[in-house]
Structures are given as C-alpha cells and as structure tokens.
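Protein sequences appear in the order of chains H and F.
When we follow UniProt numbering, the leftmost residue of the first sequence carries the number 1, and every step to the right adds one.
When we follow UniProt numbering, the leftmost residue of the second sequence carries the number 1, and every step to the right adds one.
Here is the structure we will look at.
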Amino acid sequence: MAHRFARGPDGRASQKRQKVVHEAPTSEEVHASRQLQQLLSFSQDPIRARHGLQSFKLFLDQLLGPDGNNGDRPRILKDYLQSTTPAADDESPVYLPDVMQTWSYGAQTNNENIMSAVPVVLALLLKLLSQSLESVPFGLGICRTLLQKRQQELVARNLSADKGKSFIISPTLRMLTEAASFDGGAIAKPLFRARASMLKSLARNMGIVHRGDEAEDTKRPSARSNAILFLLSALKYLHPEAKNELLSQRDIVAALTRDVKQDPPYLVKELLEGLRAHVLLDDKLPRDAKASLLNASTLTRLSALYQYRLDTPAEGETSIADIAHEFLMAACTSPGCGLLRQDAGFYPRELDPNAPIPTAVLDEWGLEVIVWMNKFKTEIPVRNYALSNFLPNLRPWSSLKQSELVISIFKAAPELVAHYFLNNKSFTFEPKLSATWTGYAAFLFHTVTLPIPDHFCRGPDFPALPPPTSIVVDNILPPPLNQKALSRSLANKSNMISFFATRILVVALEKLDAALTMHRDPSHAHKTAWAEAARRLVDEFRQRSPGVTEMINAYRSVPEGDILHREAASRLLRLCYEVLPQHALLAKFDVSPFLETSLTRLSRQDLEDPKDFALSLKELENLLSIAGYSPGMRWFAAPEGVSLSPFTRLLKVCIDAPRGVSLGTIREVVNFVAVEEGLVPRVDGHPGLLALLEASQVLRQSYPDSITHVWPFLDNCLSRYANSPVKYVEKFYDLIDEATEPAVQGLTSADVSLATIAMLEQLPFAAAKEGSQHVLRALGRFLPSFLGYSAAAGESKALLDLILSKMVPHLPDSKRKVKAGVLKGLQFQHNPWPSAKATETGKAKGTGASRKEELPTPAMDPETLEDMLHVPDGLEADNSALVRWSSKSVDELVDEGYLKSLVALLVSEHASIRKEALVNIRKAAAKIKESEYEERDQVWLLLMELAETAGDKINDGPLASPIAAFACHAIDVQRDPLSCLYPKVNTFLVRGPSWSPDRIPLVDDILEGDPIVPNTYYTQTSWLLGYLIDGLRTKHDLELFHKRRAMGPILEHVLVSATNPYLRWPLKLQVLRLLYRATCIEGGSTTLTTRFGIMSWLEATQAGCTDASEAAVYEALRKRVWETSDQDRVRAWSRGGLDGLSW
Amino acid sequence: MPPPQLSDQQVAAEFTSYYLQRATKEFAEDLDKVRSADDFKNDALQILVSALQQGTAMFFPEEQRRIVTAAAGPVDKS
C-alpha cells in the first residue's frame, strides 16, 4: 500500500506518521470449479478481486497442507485449470489470464494488496503443480506466461518495490524460486535470459533482513531469505556460463554473505550446502567464477560463522560452525575449488630459481650474486593473494577449528607461512600462563611440524639455486619464535611454559635437520651455493634459537619426577648434538651427572607404572646419545659418592628392567662402548657384550641376591681394563706363553674378550678380601656361566678352559668346577642373537669390524673428501671485530667469540690491522681485568702473554697462525675451570711472560705428558688437533710443523700418535683434516711426501683399516696428496716408486 | 598364549591417553592457573587438551608401541 499522508485542517501534512493498516481480505470456501472461475474472474473491484484471490489461496493452502483429506479439491482445481487453458494455436498463450489481468490492474491502480496476493497464489500453485507429473504442462505454461513481456514488467515492478514492502517482494521471490526449479529447472535458462527483470534488485533485496529481537520465523521468511533461496535455486539449475555471469555480479556476491551471521540456521545451512554443491564442486564452472565468489571478504564473513550462536543443534546434528568449517576447508585447500593456486613452496612469486648463473661465478662470489637471495626479509610476494588476505582474519589460537583451517591452508600453500607471520607482527610469543598463550604455542607447534615442500619447490627436482634462507628459517622457526621469547619461555618458572617451548624447539631442530639434508643433496648443480645456503641457514637459526647453554639450564631445572618433561628436554639436547654438533660441543655440557640421575632413578625401580619406566628409558637413551657425541665422556669412572661406573650401571639397568620394556637402543650403546674400548673382540660374528648380559640375567633369575655381589667386582674389572688396556693385552700374551696346550698356541687377543683377562687378574684380590664369602659364592655361580656363554659366543674354548682352571682355586666348590670345565652348548635365552651389524655399530657411528680384504674399498670422489675433511678457516679475518668488541659486556666478549675474532686479526696480512688488533687486545685485557668476570685473571694473563709474544714482531709480518689459534682455543679453556686442559694451559702460561714465536705450544705436554686429569687423554688430544688445524694456514705455519726439535717435528709426533690402535675414528678424522689442510697450502703435499713419507703412512694405515668406508678416506686423501704435489719432484724423490699409476 | 598384537590405532590411542595423563600430572599446578585465567572460555579447554596431546607427534609409532606395551609388570624377583 502506498504511503498516504493525512492532512490536518490547515492542509499541512500531519507531523505523525499515518499507521498503515492492511485490511484483511474476505474469503469463501470453494466447492466447485465454476465457483473458482467466478471468484478469479477479472473484476475492477479490488475488494472482490482480493476476495477471489484470498479464497484461492486458502484453497491451495488446504491442498498443500499436511492433512491428506482433500476431497474433491484436486478435481476442482484440475477442472478449473483445464477451463482456463489457452487454445493450442495461440502464439503467445497466457495461462490464468484472469489472474494475470488482475495483477496488471492491481499494478496500474497501485493496489499493493493485489500486487502481493497474485504472486502468493502463483507461488503456491506452482509448488502444488510441481508435485504431479500430470500437471507439469500447465505449470510450465504458467512459468512461460511469467516470461512474457507484460508479466516480466510486473515481476520487475514487484521486485523493485520499496525496501519496506517485503509483503510484495517476498512472494514474488518465492514465485520465481518455484518457477526456476519447476520441472528440473526447465525454464531456468530463459528465466536468466530475462535477468533484467527477474533478477531486478536482487542484491538490494538480499539486504532486506529480518528486524526484531526474536529470531526469524521460518514460516515467514524475510526478503533476504527468499532472495537467497531464489539465487541458490538459480545456481542449482543454471548452466555453467550463466552461473559464471551471475557470480561475476559483484553486488550480488557481496550481498550474499554480508549478513550471513544474522541469518536463521536453516538458511545458512542451505546457503553453504548450495554453494558447495553448485559452485565449489561444479567441475564445469570456470575457475574464475569460483574465485569471484570466494574472495577474501566472502571467506572472512563465512569465518564469522565459527562464532554463530543462533543454532541449537540436536544431538547427532551438525552445527553451523561445523558446516562452515567444512565449507572453508574445502574452499581454501582443495585446488579444484578455484581459490587455491599452485605455488612454488619456499620460492616466492616472480623469481627464477633456475636463473642461469655460471658455477664459476657462484663459486667465487657465493650467494651474493643471486639478486633475490636477501630480498624477502620484509615482504614476500605470493600467488595465493586472496588466501593471504583472508588468513589474518582467523584466530587460530582461540579455536581448534580455525587452527585446523590455518594449518591446512599452510599445508596446501606453503608460500603463505612466512608471509603470514611477516604480516602479522602483533603475534607475540611472550610467555604468560593463559589460554591464549597456550593456544599460540599449540598453533606454532603445528606450524613448525608442517613438512617441507618436496625439493623446496613442490616440483620433481631441486631447482638450480637454493631458496631464500630467510624464508626457510621463517618456516622452521616463525618470527614470533625469536630468541628472546623462546629463551624467556625456556627459563620460565612455569614448567608447562618451558615444556611447550622445549617441544617447539625439538620439532624445529628436526625440521632444520631435514632442511639441511635437502641442502646437502648430491644432485645439486651448484653445490657450493647450496652449501653456503646451508651454513647461512644454521647461522640464522642460531640467531633465533636460544643457546645450547640455555637449553641445558632448562633441562637442569626440570623437576626429578617430571619424566615427560625430562624426556623432551633431553631429546632437545640430543638433537642439538646431532644437528648442530659444533655449537653443541662448545657448550661444554657434562652429561655425566644427568646420566647418573637417570640411572639412579631407573635402578631404584620406584617407577610404579612400567610405561613410566619405558619413558624414562627414552630419556636415558637421549643422554646416552649425547654421551656418545661428547668426547669427554668417562664411561668407566664412578662419580663421587657412587660405587659403580656409568657403564656398569647401564648393564645393571639392562638386567633390572621390567619385563616387556624394550632395551634395544641401550644395549646398542653399551655394546658400542664395549667394542670401542676393546672389552670384547672386534670381529665378525661375535655378539659383543651379550655373553656378559646373558650370564648376568641367568644369575639374576636364579639367585637374585648374588647378582648384587657381582656388580662391584665386574665394575672394578671393567674399569681397570678400560684405564690400561695395553696391560691386559700383555697379560693375555703372558697367559698364552705360559700355556702348554697346543690349542692355545697362536691365539691372538681377538680370540677372547679381554675383560675376561681382567676378571682373571682381579679374582685373587677379591678372594683375599675379608668377608668376601658372599662375593665368592656369587662369582662361583657367575664366572663359569659367563665363560660358558663366551664359548657359545665363539671365543676359544681351550683358552676359556685354561682361564677357568686358573680361576677355580679362588672359588668355592672348586673341585667340581675343575672337573666340569667350561660349560658347553649354552643357549642365549634372554638376549636375542644380534645381526653382525647391530653388534658392531652404535647409532650413527661407523665402526665396522669386518676385515679389509673381504671388502673392496669404495672410491670416494674429491667433493665428498672435501666435505669430510675441509674445515673452514678458524682465523678468518673479520675487520669489524676491531670495533664490535668495545660495546659488548665482558661475558659476551669472552663467551661469544668477540675476543677470538680480535685475536684472529693478529694474522692479518695488513700491518695496520695487526697493530690495531694488538692495541685492542690490550684494551680488552684491561677491561676484563677490571671487571667482575669470574675467570678474569686467567683470561687477562692469556691475553697479556699473547700481546707480549706478538709485541713488535707484528710490524714485520703476521703472527704465526698456530700461536693465534692456540690463544683462541685457550680462551675456551680459561673460561671453564672444569676443563681437563685447565691445569696444563695455566702451567704453560706461568712458565714465562711470553711464548716462543716459532714453537707450537703444548704439543708434547698433551701427546706425551701425564694427562693430570685421569681418563682425559683423548679429550685433550682432540682439543690439540682442533687448534693445530686452525693453526695451519700458510707456508710459514707448515715450516713450524716440520721444524726439527728434540722430540722430532710436530707433524711427525702427531702422525705417530695417530697410529694408536685405540684411537677412535673422530680423532683419526681430525688427524686427516690436519693433513688435508696441509695439502691446501702451496707445496704442502710435496713437503708431506718428501719429509714425512705421508704416502706410506696413509697406505699402511689404510691397510690396518677394518672398515671399508674409513679405508676409502685414506685412499682418497692419498690421491689428493699425489695430485696436489709437485709430481716430478716426488717421482724423482721416490725414484719412480710413486708415479700415480695406482690411481 | 601371547597377548594379541595391538593395532596402530590402538597404540596411538593408548599412548595419547598415557601422554595426557602424564602431562596433567606433571603440570597440574600450571593447568589450574590456566583454567582460572581471564581468557579461559569457549574452546579454551579443547585447545588446552589438544595443545597438551600434540606432543605425541614427537614419538614415532614404534616408540609409542614400546612405551604402551611396556605394561607387563616388573620382573619376578623370586
């Protein structure tokens, strides 16, 4: 009804708004088709017209009603429809002509009641007709009538009625919905063709929402609801081209979701399901059409449905939030839905990862020649622009589903991870015990665990150039996980915060490891560029990650009983040793006390739940791995206040473990140590330490009390052997020499476990002790059994018989034992016989025991040799060190390498830099002396002696590199009084105020002298070799290495030490690195060959190798020495003995 | 007769339950504090549980099996 303005007596419009009154139309019951005809016949009387339409409406309502008892009504309707059917030859047949005329008249006279009442009855009639196949032709006739020009105008007029006239707009939309879907969408196409009328004001009508405090009544849907249902109906039946055009109308797409948050549940459900079925999953619909619907603002509005509160889903019914989540998951992560675009993983848009850069240029200039390498630190162009705009609107920390959505998007489009965090700077990880922080932590954990895209680019091969390092590191430790936040989290007094940070670092290190492995892939075209990128990656990771020391402190502060937390913290440290060994080793972590605590807990057996025991074993395994990486691990030295050594306690844990707990890893470690230390023969087929384990287990089963008496004896024997193995080799040969049995003659120390010899030696002492009856009774049970299992393990039975015969006089019940001899044919029941590989190798350590002649030496290419033996220059000049140190605290100066950088400048080629460095070293020394730094005196002394040594000589030339390298490495010793080298370095320093400039310090003291701290010979040797490698850089340095001395040239001394059969592979590798460094110096290889006979040394050492991979290194190094030497000179020197033909 | 072998899903479910039980025991005090924080509403409980149990991802399936199946009780000392 049009607005009517009431006028007052003075003719002016009343200030009050006239109330619009809809007069209810009258109606009558329909009993016959003729009556219906009369009722609907055209009349200019609006009251009569409304009366007829209202009667027809009620008639149709009854037919559509749930009550099935319709009597004659269907027939009446049928008769009526037949009576109004236009003639078959009519060119433009008009169905229901009276009704159409009434509508037209209503429009002409502006009678809104009639304009509303006609679409109401037409919508009902179409709905009714669609239910029966018989009546379809009539329904189609009505639909086609609606498409005629006259009716189109009426529809358009109705649709564009004022916003407040929902009573006209809604029935028209309902009528169109019925028409669009009638007979399977038969007229959807022509309907869309007439879109100028049929879709008139659709976007606006979608904005006419339900007003009021109560929820929208499903029986009286708002214009918006009707408009959406009409659009969905059109989308369902339209062909792809038409849908494309429809969706390209921005106003409609925008209006579709603008008010979705307030829509009633049924409508939201229909909307999401309709869009999903008819847009997202329509394969024929072009990608652009889908993309125009799924823009960032649509997605953001739909994501508001995560907080939809209008529905109350019944049990088993899916909530709107869940439906919206499924919709968004499909829309954002499925490539077929049009939104997700294929990205290139860690390579941003617009760069060419296969840019043709010559290898020589890359080798010379490194990554700096790749213009884009450092370009993406602040901004990253992405292909998935819409998704990148949508992501910041989600709150993954406060909703599980949103977190799942974000993570799934990251997974589908890895390029977005770095972009997301760069553009969301407000995202901070400052620790706080709150739900939000926990949510952040969980979200970040998920992000870090996302896999790295295949070949970084999601392609089948690696591109020629590495991805930008900043992007890789952003994916491993996203920017909110910076050093400060992580350190504060690790050190937080809340254990849970520390635990969460630890877990994130664990997965980050695992991811870093995976990324580094990918950087080192042998298939890379530009190996040097990838290697440099790997180094940069490590550097950038370290700038974001807390230091190893902080991780150690965090581990230290974990309460004793928190085994889950302890496991995670120990795993983190283990990963540091595995992934960043050089940095981890710098932290000087003494694993022994932790190992001790863990062993004590496991030995006490106070863990009630066997699962707790198994979890504690995981911690122990981590610690054992760390111990394996720590050169200073003292396996056979019992800590103060503890009776047994770590090694024996590990054996004890293996024996005492609850049934069902898997001990594989621990046994491997124990066995590895036993093989390395020579406790058991290093030969193929020998099961290592299993004989000892089996005998102990059998004893524990039969005599649980006896085993407790055996442990101290065993510990004593093993420790004695480990401390002086050569003594027991000699004792073994003494035993062979004394023996008269022919079967024993010619045996070597590889035919029996040398630990047995130690037991034989120690037994008399054990027997001589007062009150040793219990021990002897236990040993009387244990030793014969042990020797029996040793025989079963393949050791010489004749020799074991001899040993038993020498043992029995000290054991009770000796006669019977002598008679019985060593037991034969014992079966291993508790310890599965391992494969040869498992007994010989510990985790990640190659210690093959097979004999060389049985294995061909695999060839090693020069690149692999370089990877293995090349050590970066530790004294590389960094002139910025001259100024950087002054702003640092003394702690940072000493602990973080600033001092070392300063010392390294003393070997600079430029006199001015050297002089400047010397002045600064003196200043730094003074600063340290005046500070509160705990080790200030020692560090000061070192620096001042270095300055005194350098003195005026640096005016003439660089300081000898070994001197500078010694000073650099000695700084680490001086800051750690617990270092095993502390006494030696300080003894050296107090000898005099300066050092001889042409003598390399401490070589003889370490290689020949008493280690002072027991069991640290190899640790000290490792330190010495480390500094010697850094100290061998120039021709002049090499001269110092082969200078004549009372004890022979330094290099000769080192080579002699390296022939020690007990030297472990990592130390041998250090010696080889020293030689490799020498080959890099001009004339170095020739000197090595002619002065030290290095070719023969390498050949002889290679011949003694039991591992083919080790032999390959010697072989490859020999080849390098030959290739880099003055071959004519070497050939003449060797009188043709060396001519390179052997390669 | 040996006990039937647990399926991977059973192992994962049992391990997750054990992990959660351990975590709630070790961080009981902190969890109480989080639950009394101002922002603990709506999905917060679900997030907290999910955050705790996501650490199971750090254990390989065989490690989970080792821990879950270590339930036969201590060795008989008699």
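Every residue, glycine too, gets a C-beta built ideally from N, C-alpha and C.
Pair within 8 Å by beta-carbon distance, residue i and residue j
i	j	result
L1117 (chain H)	L1072 (chain H)	yes
V558 (chain H)	A587 (chain H)	no
V121 (chain H)	K219 (chain H)	no
A508 (chain H)	T469 (chain H)	no
L564 (chain H)	K33 (chain F)	no
K284 (chain H)	P240 (chain H)	yes
L405 (chain H)	C332 (chain H)	yes
residue 104 (chain F)	F613 (chain H)	Look at the range of chain F in this structure, 1 to 78, and you will see that residue 104 (chain F) is not part of it.
D311 (chain H)	P265 (chain H)	yes
L1028 (chain H)	L989 (chain H)	no
S197 (chain H)	A156 (chain H)	yes
Contacts of residue i in chain H (Cβ-Cβ under 9 Å)
i	result
S17 (chain F)	Near S17 (chain F) there are no residues of chain H at all, since even the closest Cβ is about 10 Å away, more than 9 Å.
For residue j and residue i, the rounded distance between their alpha carbons
i	j	result
L1074 (chain H)	M633 (chain H)	24 Å
L1069 (chain H)	A739 (chain H)	40 Å
S625 (chain H)	E619 (chain H)	10 Å
Q5 (chain F)	E62 (chain F)	13 Å
I208 (chain H)	R224 (chain H)	5 Å
S319 (chain H)	A161 (chain H)	36 Å
M175 (chain H)	T378 (chain H)	55 Å
L351 (chain H)	P392 (chain H)	25 Å
A836 (chain H)	K493 (chain H)	Interpretation of A836 (chain H) is limited by its pLDDT of 40, a score under 50 that renders its predicted location unreliable; the figure taken from the coordinates is listed afterwards. Rounded to whole angstroms, A836 (chain H) to K493 (chain H) spans 48 Å at the Cα level.
G65 (chain H)	E178 (chain H)	17 Å
L45 (chain F)	K236 (chain H)	41 Å
V260 (chain H)	L580 (chain H)	52 Å
L902 (chain H)	L959 (chain H)	13 Å
S912 (chain H)	N879 (chain H)	11 Å
H1042 (chain H)	S1057 (chain H)	16 Å
A637 (chain H)	S592 (chain H)	10 Å
N1060 (chain H)	W885 (chain H)	42 Å
E29 (chain F)	L679 (chain H)	48 Å
E677 (chain H)	S719 (chain H)	10 Å
A117 (chain H)	E270 (chain H)	27 Å
K927 (chain H)	K900 (chain H)	15 Å
A695 (chain H)	L651 (chain H)	12 Å
A904 (chain H)	R936 (chain H)	20 Å
Partners in chain F for residue i, counting only beta-carbon separations shorter than 7 Å
i	result
N622 (chain H)	Correct list: empty, because the minimum Cβ distance to chain F is about 12 Å.
Own chain residues within Cβ distance below 6 Å of residue i, not counting five before or after
i	result
F427 (chain H)	P480
E916 (chain H)	L882
W397 (chain H)	T436, G439, Y440 and F443
W1065 (chain H)	none
I757 (chain H)	Y728, K731 and F732
Neighbouring residues, chain F, relative to residue i (Cβ below 8 Å)
i	result
K611 (chain H)	Y18, I67, V68, A70 and A71
A798 (chain H)	Correct list: empty, because the minimum Cβ distance to chain F is about 36 Å.
F782 (chain H)	Result: empty, since nearest Cβ-Cβ is about 18 Å, beyond 8 Å.
Same chain, Cβ closer than 8 Å to residue i, neighbours up to 5 away in sequence not counted
i	result
A321 (chain H)	L305, Y306, Q307, Y308 and K401
L1024 (chain H)	L1002, V1003, I1006 and L1007
7 Å Cβ shell around residue i - same chain, five flanking residues per side excluded
i	result
L760 (chain H)	I803, K806 and M807
Y19 (chain F)	Q53, G55 and T56
D251 (chain H)	A203
Within chain H, the residues that residue i reaches when beta carbons sit closer than 7 Å
i	result
D39 (chain F)	S434, A435 and T436
A57 (chain F)	T449
A44 (chain F)	A435
Chain-ordered neighbours of residue i on chain F, where CB pairs are closer than 9 Å
i	result
G992 (chain H)	Simply none; closest approach about 55 Å.
M496 (chain H)	A23, E26, F27, E29, D30, L31, K33, V34 and L52
Neighbouring residues, chain H, relative to residue i (Cβ below 8 Å)
i	result
L48 (chain F)	A435 and T438
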